[in-house]
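The structure appears below as structure tokens.
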Amino acid sequence: MNALTRAEGAAIRLVPFDEMLQMASAVAESGLFGMKSQNQALALMLVAQAEGQHPATITQDYDIIQGKATRKTHSVLARFQAAGGKVEWHQLTNEVADATFSHPAGGSLRLDWTLKQAQDAKLTGKDNWKNYPRAMLRARVIAEGVRAVYPAAIGGMLTPEEAQDLDVMPPKHMGAADVVVQAPPHDLAGWPDDKLNEREAKCK
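Its first residue numbered 31, the sequence shown is counted upward by one per residue in my numbering.
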């Protein structure tokens, strides 16, 4: 049992796999939570149960962005604080998000994300940055701060905001390969045996 599980209460009853399959099917068929297939929902349910959470919490804690599982920013922050982490906000505007993150196991770190940083990284042309710059800056600072100070709270995942900012590269078509059969340089059928033996010796 890790610090997150201890902080979030008593251990959850293990849900049998058959029940999880039914839940995963219901989540996918509902179309409400961004999970388009039973397998996507089931995979996240297995992760949740392994972390001591009820499988149904995936609808609160995860998003599927561009086919990849992400952990919602509010879930990252909640897990960080439940495990003893603290956040002190110094500034939160449409231009800058500035905060100090601290945890007994990871020390303290103050960092910021500015709109200029996002512009330099060519992120601000997307609608989420145009319409909600403060929320995007806040999400970026939380992801970076928690990942640096107490990475267990984010679990090696991206947040949805980070995943949305990744450029999706279309698959490259390399074309069909042409098979070239190289003909022997000479017709060897008429060569005398001594000439063939001499040629074979040179090739060894």
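All C-beta atoms, glycine included, are put in the ideal place defined by N, C-alpha and C.
Expressed to the nearest angstrom, what Euclidean distance is found between the alpha-carbon atoms of P85 and D93? 14 Å
Count the other CB atoms within 10 Å of the CB of R36; is the residue buried (16 or more) or exposed (fewer)? Low confidence applies here, because R36 scores a pLDDT of 45, under 50, leaving its location unreliable; read the following figure in that light. Taking all protein chains in view, the Cβ of R36 is surrounded by fewer than 16 other Cβ atoms within 10 Å, so the residue is classified as exposed.
Indicate the three-state DSSP secondary structure (helix, strand or coil) for G82 in the structure shown. coil
For T89, which residues in the same chain have their Cβ closer than 6 Å to its Cβ, ignoring the five residues on either side in sequence? F63
With burial defined as no fewer than 16 other Cβ atoms inside 10 Å of the residue's Cβ, what is the status of H133: buried or exposed? Buried, since its Cβ has 16 or more Cβ neighbours within 10 Å.
Chain-order list of residues whose beta-carbon lies under 6 Å from that of V117 (same chain, five-residue window excluded): A129, F131
From this set, R109, A112, L145, K102, which residue's C-alpha is nearest L122's C-alpha? L145
To the nearest angstrom, how far is it from the Cα of A112 to the Cα of P163? 27 Å
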